[in-house]
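Asker: Under our numbering, the first residue of the sequence shown carries the number 1296, and numbering increases by one thereafter. Each residue gets a CB set at the ideal place from its N, CA and C atoms; glycine is no exception.
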Amino acid sequence: MSEYEYGNLALNAEPSPQHYPRPISEPLPYPDYESERKAREEKRRSLQYANNVYAAYKQSTRARTRHMLSLIIVVMIAAFILGISVWRYAQIVELNFSNVRLTRQIKELEKENSLIQNEISNKMSLEEIKENASREIGLQRANPEQIIQLNFSAVDKVIFAAEAAPENMEYDFAVSTIEEWVTEQRELP
């Protein structure tokens, strides 16, 4: 029953029989402190044992966790190193394949070039070159008046300007004619 009766916190001065049904006639026995002490000691021992078991379990769990973690780290490092080496070998193989492909392409292009050169050499003869020159470029055979014979002797000689004026004029004319022809050829599209 609550302590709050009769509108305030004060208890009724006379204990009612319902609260204390029988009067205390005999003395209360002394509590058995020895059994309580033994029970407390037993409880303390069981708690201490449970605590020791828990601490040992926790310590062994930590050791197992550390061991497992170190094992996982070692495996991951080994896998990483293996992955790097496999990746590098894959790159080397890929580069090797590209080199082989490029070598094949070079050989094919060389074959094509040799075939084209053979076709060109077979198709082009001196007569065809003359015909193409007269047809496409508009070149003509030189008239006998257009041909100038130059006499270059094998012996070097010293020429003075006053003495060799007539010979020098022919040489200068020939050189200027050749230079004009070369410049005209360069100007053509």
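#1: Give me the Cα-Cα distance between GLU1414 and ASN1427, rounded to the nearest whole angstrom.
#2: For LEU1434 versus ALA1469, is the C-beta distance shorter than 9 angstroms?
#3: If we call anything under 9 angstroms between Cβ atoms a contact, is THR1472 one with ILE1443?
#4: Along the chain, where does the alpha helix (DSSP H) that runs through ALA1444 open and close?
#5: Can you grab the Cα-Cα spacing for the pair ARG1481 / GLN1386, in whole Å?
#6: Look at LEU1483 and ILE1432 and say whether their C-beta atoms are less than 9 angstroms apart.
#7: Beta-carbon within less than 7 angstroms of LEU1377's beta-carbon, same chain only, minus the 5 sequence neighbours each way: which residues are those?
#8: Run the CB neighbour count on GLU1474, radius 10 Å, all protein chains shown included, and call it buried at 16 or more, exposed below.
#9: Can you look up ALA1437 in the DSSP assignment and give me helix, strand or coil?
#10: Which residues in the same chain have their Cβ closer than 8 angstroms to the Cβ of TYR1466, if we skip the five residues on either side of it in sequence?
Answerer: Reading it off the structure:
#1: Taking the first residue of the sequence shown as 1, we reach residue 1414 at position 119. Taking the first residue of the sequence shown as 1, we reach residue 1427 at position 132. Going by the C-alpha atoms only, they are around 17 angstroms apart.
#2: As a working mapping, residue 1434 is identified with position 139 in the sequence shown. As a working mapping, residue 1469 is identified with position 174 in the sequence shown. Cβ distance not < 9 angstroms, so LEU1434 and ALA1469 don't count as in contact.
#3: Residue mapping note: residue 1472 aligns to position 177 of the sequence shown, counting from 1. Residue mapping note: residue 1443 aligns to position 148 of the sequence shown, counting from 1. Cβ atoms of THR1472 and ILE1443: closer than 9 angstroms.
#4: Numbered from its first residue, the sequence shown carries residue 1444 at position 149. Reading off the sequence, residue 1444 comes out as Gln, not Ala. Neither: GLN1444 is in no alpha helix (DSSP H) and is coded neither H nor E.
#5: Sequence index remark: in the sequence shown, residue 1481 carries index 186 (1-based). Sequence index remark: in the sequence shown, residue 1386 carries index 91 (1-based). Rounded to the nearest angstrom, the two C-alpha atoms are 52 angstroms apart.
#6: By 1-based counting over the sequence shown, the position of residue 1483 is 188. By 1-based counting over the sequence shown, the position of residue 1432 is 137. Contact flag set, yes.
#7: Position 82 of the sequence shown holds residue 1377. Nothing listed; no residue qualifies.
#8: Here residue 1474 refers to the residue found at position 179 of the sequence shown. Label assigned to GLU1474: exposed.
#9: Position 142 of the sequence shown, counted from the first residue, corresponds to residue 1437. In this structure, ALA1437 counts as coil in the three-state DSSP scheme.
#10: As a first step, residue 1466 must be located in the sequence shown, where it is residue number 171. Cβ neighbours of TYR1466 beyond the five flanking positions: LEU1445.
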